[in-house]
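Report on one structure; see the data block that follows.
Written out as structure tokens, the structure reads:
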């Protein structure tokens, strides 16, 4: 019976990690529904981008207040994970504060974790106030109603509670250490939780042990729950920000890809020796669909983008169309892409892993034409994203579908395009008049 | 009739068996739009003054296809691009300058993948070169004491990280340069990009150019400077919407420089 806690812990650990792995596999499968894209270029620059943007948070600090708070939570999260390693080993081995032989270093570590835990509590409180009391504009846009709003707050609550549990655990431990309780050897420094001691004054050793053990268990179970919450939440960015910044755009922002399928057709059209009436060879591949009307038409980096988005709304708040009251919101483009991708994934789950048309698509069912045509392709959203997401590339793919597959451009744009076809200029002027300015 | 400009076409260079120092890509706006034509003329005046041996394509030039591409018509874009590339490669063009950031962007970034590899510079970069090398010198003090704010065109600034060249050129006019609250990589679009220039905006509560002009007017400028013919149109309309057309003018960097020599 003495190994019961160890066994229960192992079950919780394996169960928690196992369920997470299952969802990660689903995540990978969904992302791979996207088209292949060559991202083998610019390797050194890609690594630099990941280190600078994801690890170094370089784009977060463009907005100093949110940036600083975010760095606190981020650093807190990473560093306090060293403590989680000890907690896991203690849980498996049935030990208590396994790393305490580190002595002075251990005291320093535990002390730092405590300070960080307090800072994280302050930061998430400020984050909560920004979302719910100050109600910053970008957090109350139409796409943030319902689940996205709850999700944002839920993450803050979980982080708050985890930090409080950590400090409570330490406070009870410290009190037990001072009372000379069995198993609770002197270890660690408690610069923050020492202030909780008055709350524990006069409690019996057995009560303190119950408090310490309860906080310890809830803390680790909370972490495992949080880990599994990620897949269902916008919070996946804590993992995906790293690959996403690596695979992010490394070319000038103004460079849009040239569709290869189009290049082949244009070359054929311009080849004077090609027979325009020749029947395609029998083994010719099915002509490729131009642009995107659903998530499978996008490439896998764009789908990774969608899972990485944490709905901070910096893109939307910098978008000229959104600022002037148009329906377009780059954040909504990313949220819609993810929602549709999740829906496609569920259809696949229900059909033994193959996709059966559900009569829906990304275009119209999620993203309206009005949104797509409001974009000025100014790249402000791309520039603003702290994790290198490119909403503009999705807008462009969908415009390409509308124009090349459906001939569904706004009529004024059709006029502009036929002018280019006929006169080589977007206006109806004669090409022979191109030099008239010289003598005007 | 204003002053005489010296302009030679590539065909003329070919006939003489010569190569120009640089090809000036005029662009559709610069060729046809009444306001943009003034920018073209101002730039050519500077090229003449600096004795730059440049060529234009004249009636052989055709739309880069940029606006078709942003509208989603990749097919039309590539048709235009390949036609232009055939022409440019035929003339063995090495270096191109243009006053239009949209042409600049597509020639520089999107043509190479289709076989058109050239060194492409924006006219503000080229003017900076001419000033730095002493081929062009500022003599007048026409803009001394004037407040000028520069609006970054998206496809020059954010898209291609050219922020300093236009500012360097402007600083040579002895004017006082003032920055808008959002500038350089965080500058707000004028509202013309992505083919918006050629269509009515979607329903909203304001036009983008009016919002951007508001940014500019907050700096209390005498002149709003731009480096893009489309931005120029949008900002000029914005000034009218704010009823400031009598006190504030919108001018291209090339015009300000041409007026200063």
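Chains as they are written, first to last, in full-length UniProt numbering: chain A, 1 to 440; chain B, 1 to 261. Even glycine gets a Cβ: it sits at the ideal position worked out from N, Cα and C.
- Taking C-beta to C-beta, are residue 84 of chain B and residue 64 of chain B nearer than 9 Å? Against a cut-off of 9 Å, the Cβ pair of residue 64 of chain B and residue 84 of chain B comes out as a contact.
- Close beta carbons around residue 367 of chain A, own chain, < 7 Å, minus the five adjacent residues each side: Its chain contains 333, 336 and 398 as the residues whose beta carbon lies nearer than 7 Å to that of residue 367 of chain A, once the 5 sequence neighbours on both sides are disregarded; these appear in chain order.
- Message: Please confirm whether residue 57 of chain B has its beta-carbon closer than 9 Å to some beta-carbon of chain A.
- Response: Output row for residue 57 of chain B: interface = yes.
- Out of A:127, A:187, A:175 and A:189, point me to the one whose CA is closest to residue 205 of chain A's CA. Ranking A:127, A:187, A:175 and A:189 by Cα distance to residue 205 of chain A puts A:175 first.
- Query: Along chain A, in chain order, which residues have C-beta atoms closer than 7 Å to that of residue 198 of chain B?
  - Reply: 412, 413, 416 and 426, listed in chain order.
- Message: Between which residues of its own chain and residue 113 of chain A is the CB-CB distance below 6 Å, once the five residues before and five after are set aside?
- Response: If we look at residue 113 of chain A and ignore the five residues flanking it on each side, its Cβ neighbours are 80 and 83.
- Taking any Cβ of chain A, which residues in the region 102–122 of chain B have a Cβ under 7 Å from it, in chain order? The residues in question are 105, 109, 110, 113 and 114.
- List the residues of chain B whose Cβ lies closer than 7 Å to the Cβ of residue 403 of chain A, in chain order. Result: 71, 72 and 73.
- Query: Interface residues of chain A around residue 79 of chain B at Cβ under 7 Å?
  - Reply: Chain A residues near residue 79 of chain B: 266.
- Item | Pairwise C-alpha distance: residue 226 of chain A and residue 206 of chain B | The alpha-carbon separation between residue 206 of chain B and residue 226 of chain A amounts to approximately 43 Å.
- Message: Taking the straight line between their C-alpha atoms, what separation do you get for residue 138 of chain A and residue 130 of chain A?
- Response: Each residue's Cα considered, the two are about 10 Å apart.
- Query: Just how far apart, CA to CA, sit residue 319 of chain A and residue 164 of chain A?
  - Reply: Going by the C-alpha atoms only, they are around 38 Å apart.
- Below 9 Å between beta carbons: does that hold for residue 401 of chain A and residue 341 of chain A? No, the Cβ-Cβ distance between residue 401 of chain A and residue 341 of chain A is not below 9 Å.
- Cβ of residue 277 of chain A within 9 Å of any chain D Cβ: In the structure shown, chain D cannot be found, because the protein chains are A and B.
- What span of residues does the alpha helix (DSSP H) with residue 433 of chain A cover, start to end? Unbroken run through residue 433 of chain A: none, as it is neither H nor E.
- Message: I'd like to know whether the C-beta of residue 420 of chain A is nearer than 9 Å to at least one C-beta of chain B.
- Response: Closer than 9 Å to some Cβ of chain B, the Cβ of residue 420 of chain A qualifies, so yes.
- On a CA-only basis, which of A:385, A:415 and A:390 is nearest residue 61 of chain A? Give me that one, please. For the set A:385, A:415 and A:390, the Cα lying nearest the Cα of residue 61 of chain A is the one of A:385.
- Going along the chain, which residues of its own chain have a beta-carbon closer than 7 Å to the beta-carbon of residue 107 of chain A, five neighbours each way excluded? Same-chain partners within the cutoff: 188 and 189.
- Task: With 7 Å as the C-beta to C-beta threshold (strictly closer), list the residues of the region 362–375 of chain A near chain B in chain order.
- Result: If the cut-off is 7 Å between Cβ atoms, the region 362–375 of chain A has 370, 373, 374 and 375 near chain B.
- Task: Note down, in chain order, all residues in the region 236–253 of chain A with a beta-carbon under 9 Å from any beta-carbon belonging to chain B.
- Result: Under the 9 Å Cβ criterion, the region 236–253 of chain A contributes 251, 252 and 253.
- Query: Who are the neighbours of residue 324 of chain A on chain B, taking C-beta pairs under 7 Å?
  - Reply: 204, 205, 206, 207, 208 and 211, listed in chain order.
- Cβ shell of residue 405 of chain A (< 8 Å), same chain only, five flanking positions each side left out: Closer than 8 Å at the Cβ level, and outside the excluded window around residue 405 of chain A, lie 289, 290, 291 and 293.
- Task: Quick one: which residues of the region 77–109 of chain A get their C-beta closer than 7 Å to a C-beta of chain B? List them in chain order.
- Result: Cβ contacts with chain B: none found.
- In chain A, which residues lie less than 9 Å from residue 234 of chain B when you measure between Cβ atoms? Residues of chain A whose Cβ lies closer than 9 Å to the Cβ of residue 234 of chain B do not exist; the shortest such Cβ separation is about 10 Å.
- What's the C-alpha gap between residue 1 of chain B and residue 7 of chain B? Residue confidence for residue 1 of chain B is low, a pLDDT of 45 falling below 50, so the modelled location carries little weight; the figure read from the coordinates is stated next. Our two residues, residue 1 of chain B and residue 7 of chain B, have alpha carbons roughly 16 Å apart in a direct line.
- Item | Alpha-carbon spacing of residue 188 of chain B relative to residue 154 of chain B, whole angstroms | Going from the Cα of residue 188 of chain B to the Cα of residue 154 of chain B covers about 8 Å.
- Message: Let me see if you follow: with CB-CB separation under 9 Å, is residue 35 of chain B close to chain A or not?
- Response: Chain A contact via Cβ: absent.
- Task: Classify residue 260 of chain B as buried or exposed, calling it buried when 16 or more other Cβ atoms lie within 10 Å of its own Cβ.
- Result: It is buried - the Cβ of residue 260 of chain B has at least 16 other Cβ atoms within 10 Å.
- Pull up the distance between the alpha-carbon of residue 242 of chain A and that of residue 50 of chain A, whole angstroms please. If you take the alpha carbons of residue 242 of chain A and residue 50 of chain A, they lie about 6 Å apart.
- Of all the CB atoms in chain B, is at least one closer than 9 Å to the CB of residue 387 of chain A? No, its Cβ sits nowhere closer than 9 Å to a Cβ of chain B.
- Check the C-beta distance from residue 194 of chain A over to residue 186 of chain A and give it rounded, since I have them as a contact under 8 Å. With a Cβ gap of about 14 Å, residue 194 of chain A and residue 186 of chain A do not count as contacting.
- Task: Indicate whether at least one CB of chain B lies closer than 9 Å to the CB of residue 65 of chain A.
- Result: Cβ-Cβ to chain B under 9 Å: no for residue 65 of chain A.
- Query: Using a Cβ cut-off of 8 Å, which residues of the region 129–161 of chain B contact any Cβ in chain A, in chain order?
  - Reply: Along the region 129–161 of chain B, the positions whose C-beta sits under 8 Å from a C-beta of chain A are 154, 155, 158, 159, 160 and 161, read in chain order.
- Query: Counting along the chain, where does the alpha helix (DSSP H) carrying residue 92 of chain B start and finish?
  - Reply: Unbroken run through residue 92 of chain B: none, as it is neither H nor E.
- Message: Any beta carbon from chain A within less than 9 Å of residue 1 of chain B's own beta carbon?
- Response: A caution first: residue 1 of chain B carries a pLDDT of 45, below 50, which makes its placement in the model unreliable, though a value can still be read off. Chain A places a beta carbon closer than 9 Å to that of residue 1 of chain B, counting this residue as a contact.
- Taking Cβ to Cβ, would you say residue 235 of chain B is nearer than 9 Å to residue 219 of chain B? In this structure, residue 235 of chain B keeps its C-beta atom at 9 Å or more from the C-beta atom of residue 219 of chain B.
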